[in-house]
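Chains A and B are the protein sequences, given in the same order.
Quick note: the first sequence, position 138, residue 138 per our numbering, numbers continuous.
Quick note: the second sequence, position 109, residue 109 per our numbering, numbers continuous.
What follows is a short report on a single structure.
There are 2 protein chains.
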Amino acid sequence: MDLDLSSDSADLTASLVDVESVSGGEADLAAAIERALSDLPHLSVHSDGNAVVARTTLGRPQRVILAGHIDTVPIERNGLLRLARHRPDLLHGDLAVLMEPTGVVIEGGCQGTMRAEVTTRGKRAHSARSWMGLNAIHAAGGILDVLRSYQPRQPEVDGLTYHEGLNAVGIGGGVAGNVIPDECVVTVNYRFAPDRSEAEAAAYVREVFSGYEVEITDSAPGARPGLDHPAAATLLAAVAGVPRAKFGWTDVARFALLGMPALNYGPGDPMLAHSRDEHVPVAQIAECEATLEAWLTR
Amino acid sequence: MDLDLSSDSADLTASLVDVESVSGGEADLAAAIERALSDLPHLSVHSDGNAVVARTTLGRPQRVILAGHIDTVPIERNGLLRLARHRPDLLHGDLAVLMEPTGVVIEGGCQGTMRAEVTTRGKRAHSARSWMGLNAIHAAGGILDVLRSYQPRQPEVDGLTYHEGLNAVGIGGGVAGNVIPDECVVTVNYRFAPDRSEAEAAAYVREVFSGYEVEITDSAPGARPGLDHPAAATLLAAVAGVPRAKFGWTDVARFALLGMPALNYGPGDPMLAHSRDEHVPVAQIAECEATLEAWLTR
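Encoded structure:
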């Protein structure tokens, strides 16, 4: 598969989407991108696993990083994380723009995410004599009660309003069709605004589920909006629309950890991300291309 | 492995238990039993899959069937069911004694069992924007509410008191760690007293979970005690202790469908069946052997 970089940006997007690129299996797509970029004489191209970096060396006073992921699952496998360890020099710049779906407005910062397993324990028994046991699945009703009555925070951070969430994303329990189960595990996902650290978020989750066994299984910090940074001001001026908070976790947080301001900006409705009818309007692809080109060459 | 039928009944039990016999993998044990019984000149031995039947042909006026299962999982794979289809003549008799753990008293009849999947549906969304979706796992809290507040019936049937149960034996839901799940399935097991037919039990389960999607996935009928049958009276007289209801499903129900009275009688505490510390007191094995031998040769 060869990518034609001279084609219309919507056609090029369609070509990219047509290549299967589930996380861990995006090598073909990464290779195609690297081949296409290597033909351009003003770029030096580096690769690290399936991460591809193309850099200018034009001696300009500021450097902007445009970053996006080419696989289809976020967080779990992240080439940027590996790249930050192997070649942090390739990621150094004054501002990073994460090409996440934002509906072509600036979305500032990102919320953190944390997963925890909340477990109930019981006692096995044959289900014909259920009163001899203690049903751990029934006990998990208490965990679902907490989740059903939960009222998420909507705090304002640096002028943008975030919207938290605490949800069960998995539940599992059961030994056999005739056994009272002795364990039930509810996997919850806490999305937290960037006024909370990972440690504060973990303490909060433990407090919400006090009385239950809670194990934090993974987490990633949020990032404050950072719109007051000088490097962000020029892009804010170039993009139409009112900036808003980014609810999802994005690689903005990784750049924040590297000490760089970062914004989210890209085509596509963020409300549709990861849903069955996710799609990107062709007009927004063209708008993003035009805005970024005008801003970068100003 | 060779079984020594002349050994002490407790030693013989230990030899049987020592042979791995998980359902579907009990061929070695069945073959060993068939070999041992074939050496006895007064028995004609038949086999059907892993089911072994040894019959006398002494021309006596009544025939008693002593039946037990040699595998370690009940109901799911049942050689008796297959045998009833292939060779019903081998199962014909005046009374069947099911060698189930009863603590060496007569346990009459058995409860029926039914499994159903109770499902909630929601709408997928990215968990960072959970308010765009509808969480099916949270909705399953309503199903667990029903189960937690459920009061089981304890009806008296033909003089014996049964004890029903309605329990979750499995729960599953979840798409990915960052997705609001659109389906959650609670597998429930209803154990019902023999005053209810399978059809009545199914209608009851649907009524209890009205408002939810309910699919009956399998069921087996109960059996009334049948202690008033003349053939049962002589064994009742021979066995010490007060007869009681059998809560678990046993093959008594299969014999009831064949029109034969059947009882449960055997060593071992039924309350421990299928639990981690299930065991059989050696003295009860000897007591069962002596009682049955005296009764059969009276």
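Backbone N, C-alpha and C fix where the C-beta goes; we use that ideal spot for every residue, glycine too.
On a predicted model such as this, the values are computed, not experimentally measured, just so you know.
Starting from residue 156 of chain B, follow its DSSP beta bridges and name the residues at the other end. Paired residues: B/161.
Using the beta-carbon count (16 or more within 10 Å), is residue 92 of chain A buried or exposed? Exposed, because fewer than 16 other Cβ atoms sit within 10 Å of the Cβ of residue 92 of chain A.
When DSSP labels each residue in this structure, what does residue 190 of chain A get in the three-state scheme? In the three-state reduction of the DSSP assignment, residue 190 of chain A falls in the strand class.
Does DSSP put residue 99 of chain B in a helix, a strand or coil? Correct three-state label for residue 99 of chain B: coil.
Looking at the C-beta of residue 114 of chain B, does it have a partner C-beta in chain A at a distance below 7 Å? Answer no: the Cβ-Cβ gap between residue 114 of chain B and chain A never drops below 7 Å.
So, are the CB atoms of residue 160 of chain B and residue 245 of chain B less than 7 Å apart? Yes, they are a contact pair.
Taking the runs of the alpha helix (DSSP H) that are 4 residues or longer, which of them lie wholly in the stretch 232–279 of chain B? Fully enclosed alpha helix (DSSP H) runs of 4 or longer: 252–257.
Between which two residues does the alpha helix (DSSP H) harbouring residue 17 of chain A extend? Bounds of the alpha helix (DSSP H) holding residue 17 of chain A are 9–17.
Based on Cα-Cα distance, which residue from B/16, B/275, B/229, B/99 lies nearest to residue 29 of chain B? Closest by alpha carbon: B/16.
Please go through the stretch 165–224 of chain A and give each complete beta strand (DSSP E) segment of 3 or more residues, from N-terminal end onward. Within the stretch 165–224 of chain A, the complete beta strand (DSSP E) runs of at least 3 residues are 165–173, 183–192, 213–220.
Hey, how far is the Cα of residue 58 of chain A from the Cα of residue 90 of chain A? Across the structure, residue 58 of chain A and residue 90 of chain A are spaced so that their CA atoms are roughly 15 Å apart.
Straight-line Cα distance separating residue 157 of chain A from residue 235 of chain A: In a straight line, the C-alpha of residue 235 of chain A is about 20 Å away from that of residue 157 of chain A.
Thinking just about the alpha-carbon of each residue, which of A/41, A/131, A/120, A/45 is nearest to the one in residue 142 of chain A? Among A/41, A/131, A/120, A/45, the Cα nearest to that of residue 142 of chain A is on A/120.
Using a Cβ cut-off of 8 Å, pull out every chain B residue sitting near residue 180 of chain A, in sequence order please. Per Cβ cutoff of 8 Å: 167, 169.
Tell me, please, whether the CB atom of residue 65 of chain A is closer than 7 Å to any CB atom in chain B? Under the Cβ criterion of 7 Å, residue 65 of chain A is not counted among the residues facing chain B.
Strictly under 7 Å for the Cβ-Cβ distance: is residue 260 of chain A near chain B by that measure? Output row for residue 260 of chain A: interface = no.
For residue 285 of chain B, which three-state DSSP category applies? Correct three-state label for residue 285 of chain B: helix.
Residue 80 of chain B versus residue 21 of chain A - alpha carbon distance: Distance between the alpha carbons of residue 80 of chain B and residue 21 of chain A: 52 Å.
Taking 7 Å as the threshold (beta carbon to beta carbon), is residue 136 of chain A in contact with chain B? Not a single C-beta of chain B is nearer than 7 Å to the C-beta of residue 136 of chain A.
State buried or exposed for residue 40 of chain A, treating a residue as buried only when at least 16 other CB atoms are found within 10 Å of its CB. So residue 40 of chain A ends up on the exposed side.
Which two residues bound the contiguous beta strand (DSSP E) that contains residue 143 of chain A? First-last for residue 143 of chain A: 141–148, but that is the alpha helix (DSSP H), not the beta strand (DSSP E).
Which two residues bound the contiguous alpha helix (DSSP H) that contains residue 20 of chain A? Where residue 20 of chain A is concerned, there is no enclosing alpha helix (DSSP H), because DSSP gives it neither an H nor an E.
Where does residue 108 of chain A fall in DSSP's three states? Here residue 108 of chain A sits in strand by DSSP.
Please return the same chain residues whose Cβ sits closer than 7 Å to the Cβ of residue 56 of chain B, not counting the five positions on each side in sequence. Excluding sequence neighbours, residue 56 of chain B sits near 42, 43.
I'd like the list of long-range same chain contacts for residue 82 of chain B, defined as Cβ closer than 8 Å, with 5 residues on each side in sequence excluded. Hits under 8 Å: 48, 49, 51.
Nearest-angstrom Cα distance between residue 86 of chain B and residue 46 of chain B? CA-CA distance, residue 86 of chain B to residue 46 of chain B, rounds to 12 Å.
Short CB-CB distance (under 7 Å) between residue 147 of chain B and chain A: True, the Cβ-Cβ gap to chain A drops below 7 Å.
Residue 293 of chain B in three-state terms, based on DSSP: Three-state result, residue 293 of chain B: helix.
Provide the residue span of the beta strand (DSSP E) that contains residue 86 of chain B, from first to last. Per DSSP, residue 86 of chain B lies in no beta strand (DSSP E) segment; the continuous alpha helix (DSSP H) that holds it begins and ends at 79–86.
Inspect the CB distances between the stretch 259–267 of chain B and the stretch 107–116 of chain A and report whether three or more fall short of 8 Å. No, they do not touch.
Using C-beta distances below 8 Å, list every residue in its chain close to residue 12 of chain B, excluding the 5 sequence neighbours before and after it, in chain order. Hits under 8 Å: 3, 4, 5.
Compute the distance between the beta-carbons of residue 337 of chain B and residue 267 of chain B, then report whether it is under 7 Å. Coverage of chain B is limited to positions 1 through 298, which leaves residue 337 of chain B absent and any answer about it impossible.
So the candidates are A/218, A/182, A/84; which of them puts its Cα closest to the Cα of residue 276 of chain B? Per the Cα distances, A/182.
With a cut-off of 8 Å, do at least 3 Cβ pairs link the stretch 164–175 of chain B to the stretch 188–199 of chain B? Because the criterion of three Cβ pairs below 8 Å is met, the stretch 164–175 of chain B and the stretch 188–199 of chain B touch.
Beta carbon proximity, residue 273 of chain B to chain A, threshold 7 Å: Residue contact check for residue 273 of chain B against chain A: a CB pair falls below 7 Å.
Return the chain-ordered list of same chain residues with a C-beta closer than 6 Å to the C-beta of residue 221 of chain A, the five sequence neighbours on each side being excluded. 112, 198, 253.
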